[in-house]
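Here the structure is laid out as C-alpha cells; the discussion comes afterwards.
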Amino acid sequence: MIAIENENSGASLNPYAGKWGKGEALHLLRRTTIGPNQESMNKVLSKGLRKTLDLLLEDQPEITPPVNYIFENDPFVPMGNSWVDAPYNDTQDSINYRRSSLRAWNAEIMLNEGISIREKITLFWHNHFPIDLGTVSDPKYMYDYIRLLRTNGLKNFKNLVYLITTNPAMLRYLNGNQNAKGAPNENFARELLELFTIGKGPIAGPGDYTNYTEVDIKEMAKALTGWTDQGYYSKTATTIKSSFSVSRHDSTTKQLSPRFDSLKISNENENEYKTVINIIFSKPEVARHICRKLYRYFVYYKISDDVERNIIEPLASQFIAEKYEIKPILRTLLSSEHFFDISNRGTMIKNPIDFSLGLLKQTQYQLPSDNNKRSLSLQAIIRNIGGQQMEYFYPPDVSGWKAYYQEPSFYRIWINATTLNARMNYTNTLAGTGVTYNTIKYQIDVLKFIGTMKKVKDPNLLIKELGEFFFPFGLTDNQISDLKTLILPGSPDYEWEEQYEAYLKNPTSVIIKTALENKVRNLIKAMLTMPENYLS
Amino acid sequence: MMNRRNFIKNTGLQLTVPFLINGLDIFAQANSPFVSGMDPFDDKILVLIQMNGGNDGLNMVIPIDQYAGLMRVRSNIALPETKVLKLRDNLGLHSRMTGLATLFKEEKLGVLQSVGYPNQNRSHFRSTDIWNSASTSNDYINTGWIGRFLDSRYPGFPEKYPSADYPDPFALTIGSTVSQTCEGASGNFGIAVSDPKNLRALAENDKENFDSISYGEELKYLQNSILQTNAYSKLIQKASEKGKNIATYPTNNSLATQLKSIALLISGGLKSKVYIARIGGFDTHANQTIASDNTTGTHAGLLAGLSSAIEAFQKDIELLGLSNRVIGMTYSEFGRQIQSNNSGGTDHGNAAPLFLFGSCVQGKITGENVQISNPLSAQAGVPMQIDFRNIYGSILVDWFGVKESEVKQLIFNDFVKLPIIKNCQTSTPVREVLLPMFVALSPNPTWGPINIHLQSVGGDCHLHLMNGQGQTIKQQKWNGMFAGEQNLQLDVSDLSNGIYFVHLRQGLQHKTLQVVLQR
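As given, the protein sequences belong to chains A and B, one line each in that order.
Position 103, counted from 1, in the first sequence is what numbering that gives the first Met the number 0 calls 102; the numbers after and before it change by one each time, with no gaps.
Position 11, counted from 1, in the second sequence is what numbering that gives the first Met the number 0 calls 10; the numbers after and before it change by one each time, with no gaps.
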C-alpha cells in the first residue's frame, strides 16, 4: 500500500474504486494506447479496471523484424526478406529503402497493436533516451535501438539504463564511441545524469547542480571509456554490436563529488559502467525524476506541490522498493483515484502520432493488403504526420520533444498555425474526399465506421455516441443539435433512419450511398476539427 | 388561326428579339456590367435563404382563381379566401406575409411560380443535394453551384487564399456549418460564423461549463489558437466592429438574426460574395395549421418569420445605402402535395414558388398560376414550370456577369436566361419578359394521340411529359424549330390512364398544361 494519509491532500494514489463506465474505459485506453476503437472499448468495459491493466501490462510476443517490400535491387536482401542482418550494398538507394522500411514497419506495429501499453511505453522511452535517425543514419542501428526499447521497456529501468549505455546507436549518438582514455568525451555522461537518470537540481554553486556536479560528469565520462560500436554501414558484417576495449579505457580511479558521497570508482573495465549507474541509482532523486516524467506523459504536465507530495513521492518510493521494476508503478499510477479524477481527464493535447495514427485506429482504417502498397501507404502517412512536427526516430535533440519538458507550455507546443493547418488538412482529407497517391487511395470508410456505433439509427444518439467516443467529455446538447444540421438540415429525425435503412437495403445504389455518405463525411470532418478532438 | 403579330398585340406586352451583331449577343452585352467598365465581381452580393424541409408553396403563394379546387382538396389547411393578401386579382400571399406583400408593391419582390426540376426526387437528402449542386435528378455531383462558379473565378483555391488581392472569405454561412452550395472541387469556399460579434461563441449558452477544470483551460487555449489561425477571423472581427444595422429586426426570429448579421458584415466592408442563411421546420407532415383558424399554426409562423425577416433586412440594406449591391433568393428542396393529408398536414411534393428580393430584381410574378385539376392524380405535386437551374444561371449572368456560354458549362447545357434581374446601374426599363407560350392540346382528354399546336418563336424546343409525382415519363427536343405555327405529335397510348402534364419550353416562352389520358 503506497498511499499517504494527509488530510490536506487532494491527490491520492489510493486505488480507484469508483464507477467503471465508458468514460473511465476510454480515458484509460486513450492514455495507454493509440486510438482506441469500439472493439477495444467494449472489451475493456467488460473486463473492469484490474483485468484491463493486466492486459495492458502483459508481455507481448517479440515483433518480427522489418522486411524489404519495396526495393528490388539489393543483392543481399531479395524482396520479402529482412534486411536487419544483411550487409550494405554500395548504392545510396539500397540504404534509403531500409530506412523507409524501418519507419513503415514501426508505424504498422503501432497500428496493429491491440490492448497493450507497449507502444505508448516504447515511444516514452524513445523520447526519454532520444536517438535521431538523421544523426546515427544507419537503419540497422536504429532497428537495434528500437528493438531494445520495445523488448525492455516494461521490465527493469536500471537494467534498461545499463543496456542503453552500451547500445551501438547510443554510442554513436552521444559520442560514447569516441570517449577514450586520454580523449574523454563528456557528452553521454552529461546526458546520462541530466536527462536519463537523476536530472538537474537547482544551481547550488558554479558547476553544482545539487544532484551532481561538473566533476561527476568528468569522472563518470572517464569511467565509461573503452566502448565502441561495430558494423556501421558495413558492407560485410551482418549484425551490429558494441564491444569494450581495455586499451581505450581509462583505468585510473575516478573521484566523485560530495553529491555522490565523494565515492571512488576503481577500475572494473567492462563492468565499470554498471558501477557508475549503480552509484547514480543509489540516490532517490532518480526515482522521482523518472516518476515525474512518467506522470507528465500519462497524466498531466502540471505537477503541483500536492501532486509532488502525494503522487510523485510515494510512487518514487515504490519504484525504489520494487528495485526499479517498471510495471508495478505503472499499475499503481494507472489504477489510482488521481488518475481517474475528473480534473485529470481530457487534459492532454494529443501528440501528432496519437492524433494521426490514432484516427486511423479509431476508425479501423484498412491498409492495402498488398505488401508493397501497404509499405508505401505507411510511408505516406508518416510523411503527413511529419508535417505536424513530430516524426518517430527523429526527435529534435537529446532532450526529446519539447512538449514533454518545455515549461510552461508543455503539450501546448504541439499547437501552432502550421501544425493546426496540418492536422486539419489531415482529418479533412481522410474523412472527406480522400486523396490518391501512386494509385493508392487514402480515405476513411465512414459508413462502415458509424455502423459500429450502437445507436447509428437515431441521429441524436448517434452523434452523442460519436462525441463520447472521440472526446473526453462528449458533446453538449447545443453542439449535438448544431452537428445534427449536417446530416439532417431542418428535417425531422425519422428521416435519418429512413435514409440509413434505404442504404442498408440498397448498398450497391451509388446515388443512395453517396448522398448518405456525403452527409456523414461532413459530420465526421466537423467533429474531427473541433478543439475537443485535440484532447485526450 | 392566331398569327404572331396578333398575339403580340393581344398580350399588350413589349417583346424585343435580341439581334446579333458581329456574332455577339449585344443584348446580353448591354446588360452586362462589363460595359459600364466596372469589375462585375467586385461588389455584387447574393444572399441565399435555404428553407429546410420542403415548403408548402400552395399555402404561401395562393392561386385565388383555384379556390374551389383548394377547398376541395385541402380544406383542412387552406386559408379563407378573404384573408389572402392579393398580389394581383388571381394570386396572393399567405395572410401573415405582410412584409413581402409590401415589398411586392415596391417592386422589390420577384415571385417565381412552380420552380422545380424534371424527374422530381422526393427525398430530403437527395433533393437538397440536387438543389445545392444543380445536378440532374439522376446524377450525383459533389460540388455546389456556387462552388463551381467560384472555382472558375478563383483558381488555386484553397491553397492560394486568402491572398493580398482576395483577403476576404468568398462565402459566409451564418451558423456553425458551411453550406454545400459553396463546395468547390478542392474545398468549401464558405466559412461558418455563428455570431460575428463573438467568434468564440461555439456553445456559449450551454449548461455545461468546463472552466473550472484543466480540460476547460486546455480547451480555451485550443479554441483561441484555432481562431487566431483562421485567416479570416481578424477580418470578420473588423467588419463586425466597423459595420452597423440601422433598421429594427424582429426578435425571436432566427432568420432575422442571421440576416441582421449579414447586413452588419456587408456594411462593415466584408467582401464575401455569397451569404447563406438557413431555417428549418418546413417539413409539415402534420398539423401545419391550427384547425380553428388556418391562418395560424406552424407553417403560418414560419412564413410570418420569413416575411418579417426579409422585410427588415431589405429595409436595413436600403438604409445602409447598399440596395444596388444586394439581392436575395429563397429556396426549398421541394414543395408539397396539392392535396392535404388527414393529419392536417401535407406530404412531399414537386415544384414550389421561389422568391427573389432586392432593389435589383424584377419585382413581378413569373409563371402561371397552379391549376388544381379534378380529379387529382394520386400524390400529385405541383408540376414544374420553371427549371431552377435557369434561375441560378440567370443570376450568374445578370448579377455576377458570367458569360452565358460559361453558365452552360457550370450549370447545364440547356440553360436559358430568364429576365429576373434588372440592371440597377441604369434605369433601362424591362427589355424582355418570360412569356407564357401559346399552346393548345387536343384532344383532351385523349385516348392516346396528342396534337400540340403552338406558336413557335424559333429555336430549340423542349418537351417534358410528367406525371403528378413529377416523374418525367417522356422527353423530346426539337432542334432549331422554325418560327410560326407548329403542330407537334405526341403519343401517350403506351401509358396508363391518368393525369399528365405537358411542359414545353422554347427560349423565353414556356407552358405547362394538364392532359388527361382516358381510354
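Note that CB positions come from ideal geometry on N, CA and C, so glycine has one too.
query, result
"Backbone CA spacing between B:V114 and B:N466 [nearest angstrom]", "16 Å"
"Straight-line gap, A:L482 to B:W144 (C-alpha atoms, nearest Å)", "23 Å"
"Partner residues on chain B for A:R344, Cβ-Cβ distance less than 7 Å", "Y214"
"C-alpha distance - A:T553 paired with A:L101, whole-angstrom precision", "It is not possible to answer for residue 553 of chain A, since the shown part of chain A is limited to 0 through 535."
"is_contact[A:S100, chain B] using C-beta, thresh 7 Å", "no"
"Proximity to B:M328 [Cα-Cα], best of B:C359, B:N208 and B:T135", "B:C359"
"DSSP three-state assignment for B:G483, whether helix, strand or coil", "strand"
"Three-state class that DSSP yields for A:N111 in the structure shown", "helix"
"Local conformation of A:L358 per DSSP, three classes", "helix"
"A:I462, buried or exposed, once every other Cβ within 10 Å from all chains shown has been counted against 16", "buried"
"Cross-chain neighbours of B:I225 in chain A, by beta carbon under 7 Å", "L419 and P530"
"Bounding residues of the beta strand (DSSP E) (the contiguous stretch that carries B:H502)", "G497 to Q505"
"Chain-ordered neighbours of A:L147 on chain B, where CB pairs are closer than 7 Å", "Simply none; closest approach about 34 Å."
"Residue closest to B:G362, alpha-carbon to alpha-carbon, out of B:I419, B:D386 and B:S404", "B:I419"
"Residues bridged to A:N268 (per DSSP)", "Answer by DSSP bridge pairing: none, since A:N268 is not bridged."
"Identified DSSP bridge partners for A:P14", "A:S335"
"Run of the alpha helix (DSSP H) containing B:A191, from where it starts to where it stops", "Premise fails: B:A191 lies in the beta strand (DSSP E), G189 to V192, not in any alpha helix (DSSP H)."
"Contact residues within the segment 284 to 305 of chain A, judged by C-beta distance below 8 Å to chain B", "Y299 and K301"
"Sequence-distant residues of the same chain with beta carbon closer than 6 Å to B:A29, five excluded per side", "Residue placement at B:A29 is poorly supported in this model, since its pLDDT is 30, which falls under 50; the coordinates are not used for a value here."
"Chain B within 7 Å of A:Q442, Cβ atoms only", "no"
"A:P530 (DSSP reduced to helix, strand or coil)", "helix"
"Collapsed DSSP secondary structure at B:I265 in the structure displayed", "helix"
"Where B:E217 meets chain A, residues with beta-carbon distance less than 7 Å", "T346, I348 and L534"
"Classification of B:D164 by the beta-carbon crowding that lies within 10 angstroms, buried from 16 upward", "exposed"
"Residues near B:P448 by beta carbon distance below 6 Å, same chain, minus five either side", "D490"
"Members of the segment 22 to 44 of chain A that neighbour chain B once the beta carbon cut-off is set at 9 Å", "none"
"Residues that B:H452 bridges to, as DSSP identifies them", "B:A439 and B:N486"
"Straight-line gap, A:L356 to A:T32 (C-alpha atoms, nearest Å)", "11 Å"
"Whole-angstrom C-beta distance between A:A514 and B:D128, which should lie under 8 Å", "6 Å"
"CB of A:E464 within 7 Å of CB of A:K454, strictly", "yes"
"Within-7 Å CB hit, B:S126 to chain A", "no"
"Contact list for A:E267 against chain B, beta-carbon separation under 7 Å", "In chain order: nothing, as chain B lies at least about 48 Å away."
"Contacts that B:S339 makes with chain A (C-beta to C-beta distance below 8 Å)", "Simply none; closest approach about 18 Å."
"Separation of A:E324 from A:A220, as counted between CA atoms", "26 Å"
"Rounded straight-line distance, which links the Cα of A:V83 to that of B:A202", "Residue placement at B:A202 cannot be trusted, given a pLDDT of 39 that sits under 50; what the coordinates show is reported in the next sentence. Those two C-alpha atoms are separated by around 54 Å."
"Option nearest A:S244 by Cα separation, candidates A:Y410, A:A222 and A:E71", "A:A222"
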